[in-house]
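For what it's worth, the UniProt record's numbering labels the leading residue of the sequence shown as 1, then goes sequentially. First comes the structure, then the notes that go with it.
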Amino acid sequence: MDSPSTIRSSTSRRSLHRKPPSLSRYQSKPITKHYEVNNQILKAFDTNYEQKHYDVAYALGMQFVETALLEIPKHGYFYSQRHERDRMQSALDAVRVTQTLQELETSVQIPPTARFRVERLALLALEQVEQASNDQACTALESAKTFEIHRAQTEAELKQQDQKESSWACEPLLALAESLSGLALNPCCDRQQPSQQSASALQPAPLKKRLSLIEDDYVPPKSVPPPKKPPSPSSRIRLLPESPTASIIRFNSDSPISSQIRLTPESPTVRFKSESPTGSQLLLNPESSSSNLRIRLNSLESPTANTTTIRLGSVREQKLEPPGLKRSKQSAASIESTESDLERALFLSGLEISFLDIPPPLLPESSVSMSLIELQRTKSQESSFGMGKSQILQFQTLCSLYHEDFGASIREGRIWISYINTYQGRMVASTNGCTIIAPLLCMHHLIETDGPLPYSGIPDDDIEQAIDKETPIILTELRQELGLLEHAFLIPSDAHHYLIQNGQLSDKQFLTVLGGNVLDDSHLQAFVDALRDIEHKYKKMAATFYFHEHVISILQVRRSSTVTWYDVIDSLPSKEFLKWPEESIQEFHIRYGLSLSEEEFFQTSLLRTARIRCTNADALTTCLRWYACSKFTHDNIKFIDQYAWDEKSCDFDPRVFQGFVWIDHPQ
1 MDSPSTIRSS TSRRSLHRKP PSLSRYQSKP ITKHYEVNNQ ILKAFDTNYE
51 QKHYDVAYAL GMQFVETALL EIPKHGYFYS QRHERDRMQS ALDAVRVTQT
101 LQELETSVQI PPTARFRVER LALLALEQVE QASNDQACTA LESAKTFEIH
151 RAQTEAELKQ QDQKESSWAC EPLLALAESL SGLALNPCCD RQQPSQQSAS
201 ALQPAPLKKR LSLIEDDYVP PKSVPPPKKP PSPSSRIRLL PESPTASIIR
251 FNSDSPISSQ IRLTPESPTV RFKSESPTGS QLLLNPESSS SNLRIRLNSL
301 ESPTANTTTI RLGSVREQKL EPPGLKRSKQ SAASIESTES DLERALFLSG
351 LEISFLDIPP PLLPESSVSM SLIELQRTKS QESSFGMGKS QILQFQTLCS
401 LYHEDFGASI REGRIWISYI NTYQGRMVAS TNGCTIIAPL LCMHHLIETD
451 GPLPYSGIPD DDIEQAIDKE TPIILTELRQ ELGLLEHAFL IPSDAHHYLI
501 QNGQLSDKQF LTVLGGNVLD DSHLQAFVDA LRDIEHKYKK MAATFYFHEH
551 VISILQVRRS STVTWYDVID SLPSKEFLKW PEESIQEFHI RYGLSLSEEE
601 FFQTSLLRTA RIRCTNADAL TTCLRWYACS KFTHDNIKFI DQYAWDEKSC
651 DFDPRVFQGF VWIDHPQ
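Now the structure itself:
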């Protein structure tokens, strides 16, 4: 059976529509990965602008700017000093792109609300540059808090506008969908300017005309460059090509009129290459703070009108062959990879790409374990799922089977669930602290005084101690050390580094890290097998399981030489994970004696720590399968339906998991 990547060729019809962005949900991914995703969109914007695909460039530019200004700042590490350089580069790129979008308004058919949107984002971009240039540690935090307030206000204002007009730029979005279908990106077509441009010639083809063109053999309309005219009174960025250092000559955040940024010579100089994929460079003043990043604010007269406006850096154009031309397999694979990366980036930024002529991919039968196939057969449901003919299982069917297997394991005593009367967030300072709680519980488990078998597992009192007393102290200190805002989610490497440096864990206790596609049995089974320790090489073992911005502990509980249990400790379990198959949330509340008040009813998590005791490795596998499926959102399922697993591009894939395995010491 062909893989989705094989079936979905570059000429597959696609449609686009806006959806809530999902990039900011991936708080445990390093913020550098977030910038890399947005730079994919920036590269596509620059390429399309240079090739005069102005309507496509407009749609891409809007996605880049909104992601740079509204989504990435939600990451807990956005204001960290160690990412100052990336923050400044992103802010400067956002100013440049908003300027270009304002210049394109005469060439691209957009409603007035889109102009308002760009104006608001342009102001926010300038404010972000000002905030990023603040290199005084004593004022950086206050500046960050002020910018965050303005960012949230702008986001709320634009969301309210979206509710009034959902398709703010249908023409650019349609053009972008065409380009992703391989219909519009044709650099070889004639793009000579007409000798005389009428008013109508400056506008793209009407929507009805475009729709008819899609159905026929499509030839892209000739793009018209923005008319040469004096710059409008709006935000501008001007760069001098030989400028050795960065200095803001004029900045007025209170008014969009004449707000300008200019890079001028200054000595001595420090030059470094930005890590941005665009290859642009920043030229910095060595008198700045420890991060060597500073842009001075001055209040001088605006530069003269004849100042040359250039872009921040050169862009490596990606030449796409016109549809129908033969390409080598290597070239085709490279373009397919680039297009796939861009599609994923757009999905995360808030543009859903639908394939109009290809059904969603289904999971192969090989991804389902024999226990579930047997369960399915005992229920005489094989024919209803088409297993005998298609050899595939739909994703929803797979999740239902995992849920039923989890419920059956509880009923038959292979899995027990108990609760501890505390949870992550009960103490305010422990909010978003699972990256500390999970390894701390592993540490308590590994140092627990050895006693005669059977071992009963880590006591409830130790769990409460770790969550309510130890975690708040560590989180507060570590966030201050990293320069993070309150309640910022920590990435795993920082949590592990801190615990090892402070002696809670030892690097000698680290055994291995495994991960991959949680829906692939071979990937998940490799992690479970690492915890089984069939040869009894280690006295005690524990693991932290990272999945969907949450971390749980898995503690090996050795009962005898032949019996081993596994305690899964979840400091903030979801109701979806714990409820019975076919059970409603209301029935779940009644079963647990929870309030049916509106406030508690709509909480997605149970405010208790859950201990899920699995009496063997197979039960642990059953537990982890359903745990993973219970985390998938509707948006995640759409992503899984559209994109095959690719280990080279899995940072933001909702299926990816990581498991860190720790040991006491060899016997």
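Note that the Cβ used here is the ideal one computed from N, Cα and C, for glycine as well.
Assigned secondary structure, residue i (DSSP; H/G/I helix, E/B strand, else coil)
| i | result |
| --- | --- |
| LEU297 | With a pLDDT of 33 at LEU297, under the threshold of 50, the modelled position of that residue is not reliable, and the figure given next carries that caveat. In this structure, LEU297 counts as strand in the three-state DSSP scheme. |
| TRP626 | helix |
| LEU372 | At LEU372, the pLDDT of 49 sits below 50, so the modelled position is not reliable and the matter cannot be decided from this model. |
| GLU352 | strand |
| ARG327 | At ARG327 the pLDDT is 40, less than 50, meaning the model places this residue with poor confidence; the figure from the coordinates comes in the next sentence. In the structure shown, ARG327 sits in coil (DSSP, three-state: anything other than H, G, I, E or B). |
| PHE78 | coil |
| GLY659 | strand |
| VAL518 | coil |
| HIS17 | strand |
| ASP341 | helix |
| PHE652 | coil |
| residue 668 | Limits of the chain in this structure are 1 at one end and 667 at the other, which puts residue 668 out of reach. |
| ARG613 | strand |
| ILE149 | helix |
| ILE491 | coil |
| SER107 | coil |
| ARG377 | Because ARG377 sits at a pLDDT of 45, beneath the cut-off of 50, its placement in the model cannot be relied upon, and the point is left open. |
| TYR498 | helix |
| SER456 | coil |
| ASP664 | coil |
| TYR419 | strand |
| PHE639 | helix |
Rounded distance between the beta-carbons of residue j and residue i, thought under 8 Å
| i | j | result |
| --- | --- | --- |
| GLN128 | LEU60 | Incorrect: roughly 20 Å between the Cβ atoms, too far for contact. |
| ILE554 | ALA345 | Not really, about 33 Å apart at Cβ, beyond 8 Å. |
| LEU531 | GLN556 | 6 Å |
| PRO454 | SER560 | 6 Å |
Residue j beta carbon less than 9 Å from that of residue i
| i | j | result |
| --- | --- | --- |
| TYR26 | ASP651 | yes |
| ILE663 | LEU511 | yes |
| LEU180 | GLU36 | no |
| LEU348 | LEU16 | no |
| SER418 | ALA122 | no |
| ILE552 | CYS434 | yes |
| SER90 | ILE110 | no |
| ALA466 | ARG479 | no |
| HIS75 | SER133 | no |
| THR67 | PRO21 | yes |
| ILE436 | LEU499 | yes |
| THR621 | VAL513 | no |
| LEU482 | SER430 | no |
| ASP618 | PHE639 | no |
| GLN63 | SER354 | no |
| PHE395 | ILE637 | yes |
| PHE545 | LEU624 | yes |
| TYR58 | VAL108 | yes |
| SER649 | SER340 | yes |
Residue from the options with nearest C-alpha to residue i
| i | options | result |
| --- | --- | --- |
| PRO30 | ILE590, PRO492, ALA542 and PHE601 | PRO492 |
| THR562 | GLU535, ASP570 and PRO581 | GLU535 |
| ARG608 | VAL108, ASP468, GLN509 and ASP521 | ASP468 |
| GLN658 | ALA543, ARG558 and SER349 | ALA543 |
| ASN432 | GLU464, GLU448, LEU485 and GLU404 | LEU485 |
| PRO439 | GLN504, PHE395 and GLN525 | GLN504 |
| ALA125 | LEU624, HIS83 and THR154 | THR154 |
| LYS537 | ARG558, ALA526 and MET88 | ARG558 |
| GLU105 | VAL56, LEU596 and SER28 | VAL56 |
| GLU412 | ASN616, PRO454, ALA526 and GLN63 | ASN616 |
| LEU173 | GLU148, ARG18 and GLN81 | ARG18 |
| ILE463 | GLU148, ILE569, HIS34 and CYS614 | ILE569 |
| GLU84 | LYS145, ALA44 and GLN131 | GLN131 |
Proximity test, Cβ basis, 9 Å: residue i and chain D
| i | result |
| --- | --- |
| LYS638 | Among the chains of the structure shown, chain D does not appear; only one protein chain is present. |
* the segment 435-446 contacting the segment 455-463, beta-carbon criterion three pairs below 8 Å -> yes
* Between the segment 519-530 and the segment 621-631, do at least 3 Cβ pairs fall closer than 8 Å? -> yes
* Touching by the beta-carbon criterion (3+ pairs, under 8 Å), the segment 492-504 and the segment 580-592 -> no
* Asked: Does the segment 560-574 touch the segment 418-427, meaning 3 or more C-beta pairs lie closer than 8 Å?
  -> yes
* Counting pairs of Cβ atoms below 8 Å between the segment 47-57 and the segment 89-109, do you hit three or more? -> yes
* Asked: Given 8 Å as the limit, is there contact between the segment 147-163 and the segment 106-122, that is, 3 or more CB pairs closer than that?
  -> yes
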